[in-house]
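Asks:
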Ligand code: DAH
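Numbering (my numbering), first residue to last: 916 to 1251.
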């Protein structure tokens, strides 16, 4: 009889505690069951006294167990409600996501790729050669013997033996002509190294070499090619002008001037008010160079050119110091 009542209380309690969703509702339930004055437990304690002595002990133990159970139930429910109050709000799936930072393509790589695209579209292949070069390919075979005064123009980082860090991409011309016979139509982008350091020079920088060798190649092909290339690269009408110059491996040789891409030739600080930018060297392959690689200069002619990728990127993006390219400053790099 009394044990049935205990079971009844258990069921009621678990229903009530389930329904109490706030702390005050829970405290109310607590009062109803284990409250000192009006709690249901009090009712059982009163009943205890009416039992015959031999039943009291067992019943008392049941009541005590129930009491502990109810108190634990209240504590657990309180804990749940408090934890829910401190828990973070449920996820709002309509909020925009957090975008992870993505890397960007370095401006030098961007411009190099653009240059490659333009020449690939003209039927050129992309060639490469070693950065640690030997003196033969970097100088000798480019018609620049050891006592040649132009070796002083390029302050070279020498390594062991006759190895050095290439000072120009021109040795790729030699390596290409050693490996293949004409017709040849290549560009060779890559790193070059010189003992040089100021706003527009860095000890490591990037060049692109160009070489075309075939029957009947003339300087007109060279000029037309460069004019087309620069118009594509800067995406505007540009003028190209040749100024006589000297390189050991070309004859005749020229400096390429490009109408200033910033002021369109009107004159500005970048072109030093001349309207022209000096953008690279070029010329007709010197027959002496053909001699080093075994190409018949009576049958073939060729043109070559070299230009600086860093310089192109500086002009294209209005960058004022070559050092920005290797500072790895995200505020700079993220702009591209
Ligand atoms: N190698 C030269 C330099 O680094 C640039 C150059 C000039 C390359 C004339 C050429 C060329 O292919 O024909 O200063």
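Positions of the beta carbon are idealized from the N, C-alpha and C atoms, including for glycine.
1) Grab the span of the beta strand (DSSP E) containing residue 966 for me, first residue to last.
2) Helix, strand or coil, according to DSSP, for residue 1170 in the structure here?
3) Give me the Cβ distance between residue 1164 and residue 1243, rounded to the nearest whole Å; I'm assuming they're in contact under 8 Å.
4) Grouping DSSP H, G and I as helix and E and B as strand, with all else coil, what is residue 917?
5) Give me the DSSP bridge partner(s) of residue 1116.
6) Between residue 1042 and residue 1189, what straight-line distance do the alpha-carbon atoms span, to the nearest angstrom?
7) Of all the CB atoms in chain D, is at least one closer than 8 Å to the CB of residue 1155?
8) Quick one: what does DSSP say residue 1165 is sitting in, helix, strand or coil?
9) Taking its Cβ as the centre, do 16 or more other Cβ atoms sit within 10 Å of residue 1245, making it buried, or is it exposed?
10) Would a C-beta distance cut-off of 8 Å place residue 1224 and residue 1026 closer than the cut-off?
11) With a threshold of 7 Å (Cβ to nearest heavy atom), would residue 1120 be considered close to the ligand DAH?
12) Hey, quick one: how far does the alpha helix (DSSP H) through residue 1025 stretch, first residue to last?
13) List the endpoints of the continuous alpha helix (DSSP H) containing residue 1149.
14) Tell me which residues share the same chain as residue 1030 and place their Cβ nearer than 6 Å to its Cβ, disregarding the 5 neighbours each side in the sequence.
15) Provide the residue(s) that pair with residue 1124 in DSSP beta bridges, ordered along the chain.
16) Answer yes or no: do residue 1077 and residue 1056 have a C-beta to C-beta separation smaller than 8 Å?
17) Measuring CB to CB, does residue 1107 end up less than 8 Å from residue 1090?
18) Can you tell me which of 1092, 1136 and 959 puts its alpha carbon nearest to the alpha carbon of residue 1202?
19) Within the same chain, show all residues whose beta-carbon is closer than 7 Å to that of residue 986, passing over the 5 residues directly before and after it, in chain order.
20) May I ask you to verify whether the segment 1220-1236 touches the segment 1007-1026, counting CB pairs closer than 8 Å and requiring at least 3?
21) Just to check my reading of the structure: residue 1199 and residue 1218 have Cβ atoms closer than 8 Å, yes? What is that Cβ distance to the nearest angstrom?
22) For the segment 977-991 against the segment 925-932, do three or more pairs of beta-carbon atoms, one drawn from each stretch, fall closer than 8 Å, so that the two count as touching?
23) Give, in chain order, every unbroken run of the beta strand (DSSP E) that is at least 3 residues long and sits entirely within the segment 1040-1073.
24) For residue 1195, report the span of its beta strand (DSSP E) as first-last.
25) Grab the span of the beta strand (DSSP E) containing residue 1010 for me, first residue to last.
26) Looking at the secondary structure, which residues open and close the beta strand (DSSP E) in which residue 1078 lies?
27) Let me know the secondary structure DSSP gives residue 928 once reduced to three states.
28) For a quick check, are the C-beta atoms of residue 963 and residue 975 less than 8 Å apart?
29) Which word fits residue 1128, buried or exposed, when buried means at least 16 other C-beta atoms lie within 10 angstroms of its C-beta?
30) Give the straight-line distance between the Cα atoms of residue 945 and residue 989, rounded to the nearest whole angstrom.
31) Quick one: Cα of residue 917 to Cα of residue 951, how far?
32) Roughly how many angstroms separate the alpha carbons of residue 1152 and residue 1062, rounded to a whole number?
33) Where DSSP assigns a beta bridge to residue 1158, which residues make up the other side?
34) Does the Cβ of residue 1250 lie closer than 7 Å to at least one heavy atom of the ligand DAH?
35) Assuming residue 1131 contacts residue 1168 (C-beta within less than 8 Å), just tell me the rounded distance between them.
Replies: Working from what's here:
1) Run containing residue 966: none; DSSP gives neither H nor E here.
2) Secondary structure at residue 1170: strand, using DSSP grouped into helix, strand and coil.
3) About 35 Å; that fails the 8 Å criterion.
4) Note: residue 917 maps to helix in three-state DSSP.
5) DSSP links residue 1116 through a beta bridge to 1113.
6) So the two alpha carbons sit approximately 35 Å from each other.
7) Reference to chain D is not applicable here, since this structure consists of a single protein chain.
8) The three-state secondary structure of residue 1165, taken from DSSP, is strand.
9) The residue is exposed, with fewer than 16 neighbouring Cβ atoms inside 10 Å.
10) Cβ atoms of residue 1224 and residue 1026: closer than 8 Å.
11) No, Cβ of residue 1120 sits at least 7 Å from all heavy atoms of the ligand DAH.
12) That run of the alpha helix (DSSP H) goes 1022-1036.
13) Boundaries of the alpha helix (DSSP H) around residue 1149: 1134-1149.
14) Within the same chain, residue 1030 has close Cβ partners 1123.
15) Bridge partners of residue 1124: 1103 and 1221.
16) In terms of Cβ geometry, residue 1077 and residue 1056 do not form a close pair [threshold 8 Å].
17) In this structure, residue 1090 does not lie closer than 8 Å to residue 1107 by Cβ.
18) Closest option to residue 1202, Cα to Cα, is 1092.
19) If we look at residue 986 and ignore the five residues flanking it on each side, its Cβ neighbours are 949.
20) With a cut-off of 8 Å, the segment 1007-1026 and the segment 1220-1236 count as touching, because enough Cβ pairs lie within range.
21) The C-beta separation of residue 1199 from residue 1218 comes to about 6 Å, placing the pair in contact by the 8 Å criterion.
22) At 8 Å Cβ cutoff, the stretches touch.
23) Look at the segment 1040-1073 and you find these whole runs of beta strand (DSSP E), each 3 residues long or longer: 1047-1049.
24) 1191-1200 is the extent of the beta strand (DSSP E) around residue 1195.
25) For residue 1010, there is no enclosing beta strand (DSSP E), since its DSSP letter is neither H nor E.
26) Segment 1078-1080, the beta strand (DSSP E) holding residue 1078.
27) Assigned with DSSP and collapsed to three states, residue 928 falls in helix.
28) Cβ distance < 8 Å, so residue 963 and residue 975 count as in contact.
29) Around the beta carbon of residue 1128, 16 or more other beta carbons lie within 10 angstroms, which makes this residue buried.
30) If you draw a straight line from the Cα of residue 945 to the Cα of residue 989, it comes to about 6 Å.
31) So the alpha carbons of these two residues sit roughly 20 Å apart.
32) So the alpha carbons of these two residues sit roughly 43 Å apart.
33) Beta bridge pairing from DSSP links residue 1158 with 1170.
34) False, no ligand heavy atom lies under 7 Å from that Cβ.
35) Incorrect: roughly 20 Å between the Cβ atoms, too far for contact.
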